[in-house]
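A short write-up of the structure that comes next.
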Amino acid sequence: MPIYEYRSTGNGCEYCRDRLEVIQKISDPPLRGCPRCKAPVEKIPSKFRACIIETPDEVMETEEKLRGYEHEGMWSHAAELADKTGLEERAREDYKKAGYNM
Ligand SMILES: [Zn+2]
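Reminder that position 28 of the sequence shown reads as 27 in numbering that gives the first Met the number 0, one-by-one numbering, no gaps.
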């Protein structure tokens, strides 16, 4: 389900003042007020989120880091990170490139 971001338009509470994330069905009506303090909220348009809706931020971050390491030829770093994140195939490949015999 997509995550929608809202922020309060007035004096919201701590929960809605900066950014409020709500998981909603596409068919759900947009949120009108903060679920905690009832302050009026507006939807934050976020094109970026729309394209990675199914991908948690950590996965993206890890992927970026991995690519960075691989780009720099830091295979053992890449392998360790891949290993830690459960990307076994990737880890094995990177270990091989790092010169380890797996
Ligand atoms: Zn609030």
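Don't be surprised by glycine CBs; every beta carbon is placed ideally from N, CA and C.
Open item on the list: For ligand 1, I want to know if Ala-81 counts as a neighbour, meaning its beta carbon is within less than 7 Å of at least one of the ligand's heavy atoms.
Closed with: Taking the first residue of the sequence shown as position 1, residue 81 is located at position 82. No; taking the cut-off as 7 Å, the Cβ of Ala-81 has no heavy atom of ligand 1 nearer than that.
Open item on the list: Within 10 Å of its beta-carbon, does Ser-26 have 16 or more other beta-carbons around it, so buried, or fewer, so exposed?
Closed with: Within the sequence shown, the letter at position 27 stands for residue 26. Under this definition Ser-26 is an exposed residue.
Task: Cys-12 beta carbon less than 8 Å from that of Val-40 - done: Here residue 40 is taken as the residue at index 41 of the sequence shown, counted from 1. Here residue 12 is taken as the residue at index 13 of the sequence shown, counted from 1. No.
Task: Selection from Glu-60, Gly-85, Glu-63 and Tyr-94 that minimises the alpha carbon distance to His-76 - done: Within the sequence shown, residue 76 is the residue found at index 77, counting from 1. Of Glu-60, Gly-85, Glu-63 and Tyr-94, the residue nearest in Cα terms is Tyr-94.
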